[in-house]
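Asker:
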Amino acid sequence: MLSSAVARNDAFPDTFKIPSKERRSSLERGEAVQLLFDIETREAGKLIDRGIDRMWVIVIAVLPRGYQGVLDSDPGTAENLKLFRGDLIEFGPDHICKVDQPPEEFLKKEYGEYFQ
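According to the numbering used here, the sequence shown is numbered sequentially starting from 564.
#1: Return the CA-CA distance between V625 and G608, expressed in angstroms with no decimal places.
#2: Tell me whether F647 is buried or exposed, calling it buried when 16 or more other Cβ atoms sit within 10 Å of its Cβ.
#3: For M564, count neighbouring Cβ atoms within 10 angstroms of its own Cβ and tell me buried if that reaches 16, exposed if not.
#4: Does DSSP put A624 in a helix, a strand or coil?
#5: What does a CB cutoff of less than 6 Å around D637 pick up in its chain, not counting 5 residues either side in sequence?
#6: Taking the alpha helix (DSSP H) that A607 belongs to, which residues open and close that run?
#7: Under a Cβ-count criterion, where at least 16 other Cβ atoms within 10 Å of its own Cβ denotes burial, should D650 be classed as buried or exposed?
Shown next, in the form of structure tokens:
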């Protein structure tokens with residue numbers, strides 16, 4: 564489901580920029596990252612679209628081999644799509660294409676259970 568941002572950067576270095584490996588490997592709780600999701604959309608069992616969607620995830624835990632976060636974007640709906648805003652996502656540094664810092668008030672309001 565997740566695609567490698569590093570592989571995409573390797574394929575398109577002039578147009579697809581990503582943060583440094585050091586930055587992607589040193590995230591902290593509360594930071595927001597944009598990940599690449601490989602999504603197929605089906606209707607009546609028939610494939611109608613497939614592509615890469617960039618979605619935001621809020622880091623809630625630093626794990627030994629990566630991170631756990633909560634999906635902050637709305638992935639939309641499709642009959643085969645089992646991905647929802649608020650889902651927990653595990654990912655590694657290679658999946659990260661952008662890093663940002665949301666305001667603390669936003670984190671507490673939207674994800675207070677993780678940021679008391």
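Heads up, the beta-carbon is just placed ideally off N, CA and C, and yes, glycines get one too.
Answerer: Quick answer:
#1: Position 62 of the sequence shown, counted from the first residue, corresponds to residue 625. Position 45 of the sequence shown, counted from the first residue, corresponds to residue 608. The alpha-carbon atoms of V625 and G608 are separated by roughly 38 Å.
#2: Within the sequence shown, numbered from 1, the residue matching residue 647 stands at position 84. By the neighbour-count rule (16 or more Cβ atoms within 10 Å), F647 is not buried but exposed.
#3: Position 1 of the sequence shown, counting from 1, holds the residue named residue 564. Looking at its Cβ environment, which holds fewer than 16 other Cβ atoms inside 10 Å, M564 is exposed.
#4: Your numbering for residue 624 matches position 61 in the sequence shown. In the three-state reduction of the DSSP assignment, A624 falls in the strand class.
#5: One-based indexing of the sequence shown puts residue 637 at position 74. For D637, where only same-chain residues beyond five positions count, the Cβ hits under 6 Å are R648.
#6: Taking the first residue of the sequence shown as 1, we reach residue 607 at position 44. In this chain, A607 is not harboured by any alpha helix (DSSP H), its DSSP state being neither H nor E.
#7: Here the question's residue 650 lines up with position 87 in the sequence shown. Exposed.
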